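As structure tokens, the structure follows; a few thoughts come after it.
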Amino acid sequence: MPKLNRERRHAITFRLNGREVTAEAEGRMLLTDVLRHVVGATGTHVGCEHGVCGACTVQLDGEPVRACLMLAAQAEGADIRTVEGLEPAAGELSPLQAAFREHFALQCGFCTAGILMSLDALLTREPDASEEAIREHLSGHLCRCTGYAPIVKAALAAQARMKEETPENA
Amino acid sequence: MKPAPFDYVRAETLDEALDALSQAGDEARVIAGGQSLVPMLNMRLARPSVLVDITRLAELKRIEERKGSIVIGAGVRQVELERWAPLAKLLPLVNAMMPWVGHAQTRARGTICGSLAHADPSAELPLALLALQGRVHLRSRRKARVLPASDFFMGMMATAVAPGEMIEAVSFPVHAMGTGTAFHEVARRHGDFAIVACAAIARPDGRNRLAIGGVADTPQVTELPSPSDDGFDDALNEFAWALNARDDLHASARYRRDLVRKLGRRTVEEAIQCRS
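Rendered as structure tokens:
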């Protein structure tokens, strides 16, 4: 039975955006802090640190989760995807990212990484997600710039684009 | 906003988890999805010296029908129950409440039993447990016991779980034929803490059960006659006052009582309408 003693750091191994990483962390470290301070993947933002704002949302085995509400030790063996993993190729935006840019779905951008990871998970799992479902998913995020309407528009536009790219009988 | 240091134990069998809990006594906390516990750790409202992680225990990840009840293991995540196909038929009230439990992003990790262990007065799952007269299955190294919802919740964020003990599962009785259920909630924002949450069960004999969350320190339940009876409004009003609502940042006590009366009536009426 693995025991992580509080006095020292321990190796934690997980997949990050398709690549295996091993990070040295104390048992009490949050996934956000290991991603940002140990691994150096600073795309995931840290807002409230108690699960309310949604800025730190990442995908864990395909599901959107709060990285600030998860001990890094609990991610041992997990498959984690962060905003750095959204680009289909270097310098190229995913349909969702491109739609955010086209529809001015961000201003300061602090909340954006988390929102992208939530919506990407939703649109992958439910390609026909309703606007209501999109809004329900957005209720797990705080954005103080946009008023959310451009984000909903961008999500719907991205959904339409993603459907064009993957015809139903493909 | 970082947890205080603790030893972390990743249990690989239930016995290992129970041993670790019994050794550490009240210094230990169980962690599963962590969606209630990690905020408490981050804010240092909880400072356990040992965390026992039960998420790897396959035997706790089951949802099964057993003797007329749905038994949900302590490792079952909220999203798993939400997507469990028979839920709408077997536990329609829980099915109606699931979308109100936190947000999609917290349901993806949070467990059913974890929400019960946290016992937030405005949480939906404790309300469901009380409304449906479900039972909590507790286990320690020495013994197992089963508690009805009414004996499980002791106060605000306080439960009957003893040091060395953990929740192994929760069970809800399967929806009975001829019974109707309904749920309504008022919150500032979808997924926020309930200002008032109402769950109603209408039985074939014309009696109704109304459970209210978000007002008193624990969810509360009452039996009510038919809404068309003269005594209904008085009984509901008496219940609304008995909840001892308090003013807080989110709503005044008076507003909460008013919600209990209006939303309570509407929820009972809807439960009656959907009796099948």
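First to last, the sequence lines map onto chains A and B. Residue 119 in numbering that gives the first Met the number 0 sits at position 120 of the first sequence; the count goes up by one each step and never skips. Residue 96 in numbering that gives the first Met the number 0 sits at position 97 of the second sequence; the count goes up by one each step and never skips. Glycine is no exception: its CB is placed at the ideal position from the N, C-alpha and C atoms. Here the structure is a predicted model, which means the values were calculated and not measured.
**Report entry** Contact belief for Gly53/A with Cys110/A at Cβ below 8 angstroms, rounded distance in angstroms
**Finding:** Within the first sequence, numbered from 1, the residue matching residue 53/A stands at position 54. Within the first sequence, numbered from 1, the residue matching residue 110/A stands at position 111. About 7 angstroms separates the two Cβ atoms, so the contact holds.
Report task. Taking only the alpha-carbon atoms, compute the straight-line gap between Leu118/A and Asp232/B and give it to the nearest angstrom. Result -> Here the question's residue 118/A lines up with position 119 in the first sequence. Here the question's residue 232/B lines up with position 233 in the second sequence. Whole-angstrom Cα-Cα distance: 45 angstroms.
**Report entry** Closer than 8 angstroms to chain B by CB, Thr56/A
**Finding:** Taking the first residue of the first sequence as position 1, residue 56/A is located at position 57. Closer than 8 angstroms: yes.
Query raised in the report: For Cys144/A, which residues from the same chain have a beta carbon less than 6 angstroms from its beta carbon, with the 5 sequence-adjacent residues on both sides left out?
Result: Working through the first sequence from its first residue, we reach residue 144/A at position 145. Within its own chain, the residues whose Cβ lies closer than 6 angstroms to the Cβ of Cys144/A, once the five positions on either side in sequence are excluded, are Gln106, Cys107, listed in chain order.
Query raised in the report: At a Cβ threshold of 8 angstroms, is Asp52/B touching chain A?
Result: As a working note, residue 52/B is residue 53 in the second sequence. It does; some Cβ of chain A falls within 8 angstroms.
Query - Inter-residue Cα distance where the pair is Phe5/B and Arg256/B - result: As a first step, residue 5/B must be located in the second sequence, where it is residue number 6. As a first step, residue 256/B must be located in the second sequence, where it is residue number 257. Here the alpha carbon of Phe5/B sits roughly 42 angstroms from the alpha carbon of Arg256/B.
Query - Integer-rounded CB distance, given that Val51/A should sit under 8 angstroms from Val57/A - result: As a first step, residue 57/A is located in the first sequence; it is residue number 58 there, counting from the start. As a first step, residue 51/A is located in the first sequence; it is residue number 52 there, counting from the start. Contact between Val57/A and Val51/A is ruled out by a C-beta separation of about 16 angstroms, above the 8 angstroms threshold.
Report task. Taking the CB atoms as reference points, tell me whether Ala127/B and Ala198/B lie closer together than 8 angstroms. Result -> Residue numbering aside, residue 127/B sits at position 128 when the second sequence is read from its first letter. Residue numbering aside, residue 198/B sits at position 199 when the second sequence is read from its first letter. Yes, they are a contact pair.
**Report entry** Outcome for His36/A when other beta-carbon atoms lying within 10 angstroms are tallied against a minimum of 16
**Finding:** Your numbering for residue 36/A matches position 37 in the first sequence. It is exposed - the Cβ of His36/A has fewer than 16 other Cβ atoms within 10 Å.
Query raised in the report: Is Val8/B closer than 8 angstroms to Val29/B when the C-beta atoms are compared?
Result: What you label residue 29/B is simply residue 30 of the second sequence in a count that begins at 1. What you label residue 8/B is simply residue 9 of the second sequence in a count that begins at 1. Not closer than 8 angstroms, so no.
Report task. Could you name each continuous alpha helix (DSSP H) segment of 4 residues or more that falls completely within the segment 107-177 of chain B, going from the start of the chain to the end? Result -> Listed in chain order, the complete alpha helix (DSSP H) runs (minimum 4 residues) inside the segment 107-177 of chain B are 111-117, 123-130, 148-151.
Requested in this report: Starting from the Cα of Arg70/B, find the closest Cα among Cys273/B, Val214/B, Val145/B and give me that residue.
Outcome: Mapped onto the second sequence, residue 70/B falls at position 71. One point to set straight first is that residue 70/B is Val, not Arg, in the sequence displayed. Relative to Val70/B, the option among Cys273/B, Val214/B, Val145/B whose CA is nearest is Val145/B.
**Report entry** Contact set between Gln34/B and chain A, taken where Cβ atoms lie within less than 8 angstroms
**Finding:** Residue numbering aside, residue 34/B sits at position 35 when the second sequence is read from its first letter. Chain A residues near Gln34/B: Gly50, Arg65, Leu68.
Query raised in the report: Among Ala74/A, Ala72/A, Phe99/A, which residue has its Cα nearest to the Cα of Leu171/A?
Result: Since the displayed chain A opens at 0 and closes at 169, residue 171/A lies outside it and no answer follows.
Query raised in the report: What are the start and end residues of the alpha helix (DSSP H) that includes Arg256/B?
Result: Counting from one through the second sequence, the residue named residue 256/B turns up at place 257. Here the alpha helix (DSSP H) through Arg256/B covers 252-272.
Report task. For Ser117/A, decide whether its Cβ has a neighbour in chain B, counting only Cβ atoms nearer than 8 angstroms. Result -> For the purposes of this step, residue 117/A is taken as the residue at position 118 of the first sequence. Ser117/A belongs to the set of residues whose beta carbon lies under 8 angstroms from a beta carbon in chain B.
Requested in this report: Can you tell me which of the three DSSP states Phe5/B falls into?
Outcome: Your numbering for residue 5/B matches position 6 in the second sequence. Correct three-state label for Phe5/B: coil.
Query - Buried or exposed by the 16-neighbour rule on C-beta atoms within 10 Å, applied to Asp60/A - result: As a first step, residue 60/A is located in the first sequence; it is residue number 61 there, counting from the start. Around the beta-carbon of Asp60/A, fewer than 16 other beta-carbon atoms lie within 10 Å, marking it exposed.
**Report entry** Nearest-angstrom beta carbon gap, His102/A and Ala156/A [assumed within contact, 8 angstroms]
**Finding:** Residue 156/A sits at position 157 when you count from the first residue of the first sequence. Residue 102/A sits at position 103 when you count from the first residue of the first sequence. About 6 angstroms separates the two Cβ atoms, so the contact holds.
Requested in this report: Return the bridge partner residues of Thr105/B from the DSSP annotation.
Outcome: Residue numbering aside, residue 105/B sits at position 106 when the second sequence is read from its first letter. According to DSSP, which records beta bridges pairwise, Thr105/B is partnered with nothing at all.
Query raised in the report: What residue range is occupied by the uninterrupted beta strand (DSSP E) comprising Ala186/B?
Result: For this step, residue 186/B is matched to residue 187 along the second sequence. Segment 179-186, the beta strand (DSSP E) holding Ala186/B.
Requested in this report: Starting from the beta carbon of Asp6/B, find every residue of chain A whose beta carbon is closer than 8 angstroms, and list them in chain order.
Outcome: Reading the second sequence from its first residue, position 7 is the one you call residue 6/B. By Cβ distance, chain A contributes Lys2, Leu3, Asn4, Arg5, Gly26.
Query raised in the report: For the segment 14-46 of chain B, which residues have a beta carbon sitting closer than 7 angstroms to at least one beta carbon of chain A?
Result: Taking 7 angstroms as the Cβ-Cβ cut-off against chain A, the residues of the segment 14-46 of chain B that qualify are Glu15, Gly33, Gln34, Val37, Pro38, Asn41, Met42.
Query raised in the report: Taking just the CA atoms, how far does Ala270/B sit from Ala210/B?
Result: Along the second sequence, one-based indexing puts residue 210/B at 211. Along the second sequence, one-based indexing puts residue 270/B at 271. C-alpha of Ala210/B to C-alpha of Ala270/B: approximately 12 angstroms in a straight line.
Query - Inter-residue Cα distance where the pair is Leu70/A and Gly74/B - result: Sequence index remark: in the first sequence, residue 70/A carries index 71 (1-based). Sequence index remark: in the second sequence, residue 74/B carries index 75 (1-based). If you take the alpha carbons of Leu70/A and Gly74/B, they lie about 16 angstroms apart.
Requested in this report: Give a yes or no on whether 8 angstroms exceeds the smallest Cβ distance from Ser138/A to chain B.
Outcome: Taking the first sequence and counting its residues from 1, the one referred to as residue 138/A is at position 139. Yes, Ser138/A counts as interfacial toward chain B.
Query - Given Thr43/A as reference, the closest of Lys2/A, Glu6/A, Leu141/A, Thr81/A once Cα atoms are compared - result: Residue 43/A sits at position 44 when you count from the first residue of the first sequence. If you compare the alpha carbons of Lys2/A, Glu6/A, Leu141/A, Thr81/A with that of Thr43/A, the shortest gap goes to Thr81/A.
Query - Exposure of Met28/A, with buried meaning 16 or more beta-carbon neighbours within 10 Å - result: Sequence index remark: in the first sequence, residue 28/A carries index 29 (1-based). With 16 or more other Cβ atoms within 10 Å, it is buried.
Query raised in the report: CB Val169/B to CB His136/B, shorter than 8 angstroms?
Result: Taking the second sequence and counting its residues from 1, the one referred to as residue 169/B is at position 170. Taking the second sequence and counting its residues from 1, the one referred to as residue 136/B is at position 137. Taking a C-beta distance under 8 angstroms as the contact criterion, Val169/B and His136/B qualify as a contact pair.
Query raised in the report: With distances taken from CA atoms, which of Leu137/A, Lys2/A, Ala89/A, Ile11/A is nearest Gln77/A?
Result: In the first sequence, residue 77/A corresponds to position 78, counting from 1. Just to set this straight, residue 77/A is Ala in the shown sequence, not Gln. It is Ile11/A.
Query raised in the report: Would you say His102/B faces chain A, with C-beta separation under 8 angstroms as the test?
Result: Within the second sequence, the letter at position 103 stands for residue 102/B. For His102/B, the nearest beta carbon of chain A is closer than 8 angstroms to its own beta carbon.
Report task. Please list, in chain order, all residues of the same chain as Gln34/B whose beta carbon is under 6 angstroms from its beta carbon, the five residues on each side excluded. Result -> Position 35 of the second sequence, counted from the start, is the residue given in the question as residue 34/B. These residues qualify, in order along the chain: Thr105, Arg108, Gly109.
Query raised in the report: Buried or exposed: which applies to Gly179/B, given that a residue is buried once 16 or more other Cβ atoms fall within 10 Å of its Cβ?
Result: Numbered from 1 along the second sequence, position 180 holds the residue referred to as residue 179/B. Here Gly179/B is buried, its C-beta having at least 16 other C-beta atoms within 10 Å.
Requested in this report: Would you decide whether Asn207/B is buried or exposed? Buried here means 16 or more other CB atoms lie within 10 Å of its CB.
Outcome: Working through the second sequence from its first residue, we reach residue 207/B at position 208. Classification of Asn207/B: buried, given that the 10 Å Cβ count is 16 or more.
Query raised in the report: Looking at the C-beta of Pro62/A, does it have a partner C-beta in chain B at a distance below 8 angstroms?
Result: Walking along the first sequence from the start, residue 62/A turns up at place 63. It should be noted that the sequence gives Glu, not Pro, for residue 62/A. So yes, Glu62/A belongs to the interface.
Requested in this report: Please go through the segment 4-82 of chain B and give each complete alpha helix (DSSP H) segment of 4 or more residues, from N-terminal end onward.
Outcome: Entirely contained in the segment 4-82 of chain B, the alpha helix (DSSP H) runs reaching 4 residues are, in chain order, 13-23, 36-41, 77-81.
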